[in-house]
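Visitor: Pasting a structure here, questions to come.
In the working numbering, the protein residues as written are 6 to 272.
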């Protein structure tokens, strides 16, 4: 059996150590080490943790879509059915999977917004925090977003208890579905924004377009409610500013203040 030709490695006189060819070694050192790749936007633990959160969201959404895909698609279509009667927009029966699925999609939307804000603030000072500080900052952002969304729903329910009860009840359903749909549409652009710096400018443009589309849908839906019930335009603009504009300004100021306070304590 022939295994082909082979060569003996050169050794020194004692035959205990290899004899290194200095010419070959010098030539090897002169070879270029290549071009360094683009560094990841986060530390390894942060990238792994964020990717794990997004993967869990994807798996859960795939499961819900497999179980209740037809019902969810019908619900999302109703978001853009302006002026429809409430009786046509309401299902007679809601399954447990669908109810939990809608709750999960609301949480998913809040989580995506939290991760986007966390990514934006990473280069603004979050990267200098300790591991505990980064984790606490992400948790604070998520809690702030959750509180904002909860307060908005509570505000709608409170207003609906004494003003346009049926219309506000239907509007809460429409708003929650719009919020769920926004989280689904934002998922892929959020992945690009978080992990791919090269596409951040494009994804920011997509975020801005989606923001204005959702605001336009909200304004049209609310305007339809106020016009149908013959409520004056002054009350419409006052309601719009109080429920749709002021909360975002307060949220932005609140998040920055809380993160700065936490950073001063932890660092």
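Quick reminder that beta carbons are idealized off the backbone N, C-alpha and C, glycines included. As the structure is a prediction and not an experimental result, all values here were calculated from the model.
1. How is residue 168 classed by DSSP in three states: helix, strand or coil?
2. How about residue 69 and residue 118: do their beta carbons lie closer than 8 Å?
3. Pull up the distance between the alpha-carbon of residue 204 and that of residue 231, whole angstroms please.
4. Tell me whether the beta-carbon of residue 193 lies closer than 8 Å to the beta-carbon of residue 219.
5. When you compare the CB positions of residue 199 and residue 111, do they come within less than 8 Å of one another, or not?
6. In its own chain, which residues sit with a C-beta less than 8 Å from the C-beta of residue 245, not counting the 5 before and 5 after it?
7. Let me confirm a value: residue 122 is counted as buried when at least 16 other C-beta atoms fall within 10 Å, else exposed. Which label applies?
8. From the DSSP output, in three-state form, read off residue 100 for me.
9. Taking only the alpha-carbon atoms, compute the straight-line gap between residue 155 and residue 49 and give it to the nearest angstrom.
10. Nearest by alpha-carbon distance to residue 184: which of 114, 101, 58 is it?
11. In angstroms with no decimal places, state the Cα-to-Cα distance between residue 242 and residue 167.
12. Given residue 212, which residues of its chain have a CB within under 6 Å of its CB, disregarding the five upstream and five downstream residues?
13. At what residues does the alpha helix (DSSP H) containing residue 81 begin and finish?
14. Expressed to the nearest angstrom, what Euclidean distance is found between the alpha-carbon atoms of residue 209 and residue 178?
15. Can you look up residue 187 in the DSSP assignment and give me helix, strand or coil?
16. Between residue 83 and residue 136, what straight-line distance do the alpha-carbon atoms span, to the nearest angstrom?
17. Could you check the C-alpha separation between residue 133 and residue 196 for me, to the nearest Å?
18. Hey, residue 66 and residue 116: beta-carbon distance below 8 Å or not?
19. Could you give the DSSP three-state label for residue 122: helix, strand or coil?
20. First and last residue of the alpha helix (DSSP H) that includes residue 204?
21. For residue 150, which residues in the same chain have their Cβ closer than 6 Å to its Cβ, ignoring the five residues on either side in sequence?
22. Would the beta-carbon of residue 80 fall within 8 Å of that of residue 172?
23. Find the nearest neighbour of residue 229 within the set 103, 63, 169, judged by alpha-carbon distance.
Guide: On the basis of the supplied data:
1. Within the chain shown, residue 168 is the residue found at index 163, counting from 1. Correct three-state label for residue 168: coil.
2. Locating residue 69 in the chain shown gives position 64, where the first residue counts as 1. Locating residue 118 in the chain shown gives position 113, where the first residue counts as 1. Not a contact, by the Cβ cut-off of 8 Å.
3. Position 199 of the chain shown, counting from 1, holds the residue named residue 204. Position 226 of the chain shown, counting from 1, holds the residue named residue 231. Their backbone Cα atoms lie some 41 Å apart in a straight line.
4. Mapped onto the chain shown, residue 193 falls at position 188. Mapped onto the chain shown, residue 219 falls at position 214. No, they are not a contact pair.
5. The residue labelled residue 199 in the question sits at position 194 within the chain shown. The residue labelled residue 111 in the question sits at position 106 within the chain shown. Result no, Cβ atoms of residue 199 and residue 111 do not sit closer than 8 Å.
6. Here residue 245 refers to the residue found at position 240 when the chain shown is read from its first residue. Hits under 8 Å: 224, 227.
7. Your numbering for residue 122 matches position 117 in the chain shown. Residue 122 counts as buried, since at least 16 other C-beta atoms from the protein chains shown sit within 10 angstroms of its C-beta.
8. Along the chain shown, read from residue 1 onward, the residue named residue 100 stands at position 95. In this structure, residue 100 counts as coil in the three-state DSSP scheme.
9. As a working mapping, residue 155 is identified with position 150 in the chain shown. As a working mapping, residue 49 is identified with position 44 in the chain shown. Cα to Cα, residue 155 sits roughly 33 Å from residue 49.
10. Indexing the chain shown from 1 puts residue 184 at position 179. The shortest Cα separation from residue 184 among 114, 101, 58 belongs to 114.
11. Translated into positions along the chain shown, residue 242 becomes position 237. Translated into positions along the chain shown, residue 167 becomes position 162. A straight-line Cα-Cα distance of about 19 Å links residue 242 and residue 167.
12. Counting from 1 along the chain shown, the entry for residue 212 is found at position 207. Correct list: empty, nothing qualifies.
13. Counted from its first residue, the chain shown places residue 81 at position 76. Boundaries of the alpha helix (DSSP H) harbouring residue 81: 49-82, taken from the DSSP string.
14. For the purposes of this step, residue 209 is taken as residue 204 along the chain shown, with counting starting at 1. For the purposes of this step, residue 178 is taken as residue 173 along the chain shown, with counting starting at 1. So the alpha carbons of these two residues sit roughly 28 Å apart.
15. Your numbering for residue 187 matches position 182 in the chain shown. Taken through DSSP and simplified to helix, strand or coil, residue 187 comes out as helix.
16. Within the chain shown, residue 83 is the residue found at index 78, counting from 1. Within the chain shown, residue 136 is the residue found at index 131, counting from 1. Taking the straight line joining both Cα atoms gives about 43 Å.
17. Position 128 of the chain shown, counted from the first residue, corresponds to residue 133. Position 191 of the chain shown, counted from the first residue, corresponds to residue 196. Taking the Cα positions, residue 133 is about 23 Å away from residue 196.
18. By 1-based counting over the chain shown, the position of residue 66 is 61. By 1-based counting over the chain shown, the position of residue 116 is 111. Note that the C-beta distance between residue 66 and residue 116 is not below 8 Å.
19. Here residue 122 is taken as the residue at index 117 of the chain shown, counted from 1. Helix, per DSSP.
20. Sequence index remark: in the chain shown, residue 204 carries index 199 (1-based). Residue 204 -> no alpha helix (DSSP H), and no H or E assigned at all.
21. Within the chain shown, residue 150 is the residue found at index 145, counting from 1. Here residue 150 has 115, 118, 119 as same chain residues with Cβ atoms under 6 Å from its own Cβ, once five neighbours each way along the sequence are excluded.
22. Within the chain shown, residue 80 is the residue found at index 75, counting from 1. Within the chain shown, residue 172 is the residue found at index 167, counting from 1. With contacts defined as CB atoms closer than 8 Å, residue 80 and residue 172 fail to qualify as a contacting pair.
23. Here residue 229 refers to the residue found at position 224 when the chain shown is read from its first residue. Nearest option by C-alpha distance: 169.
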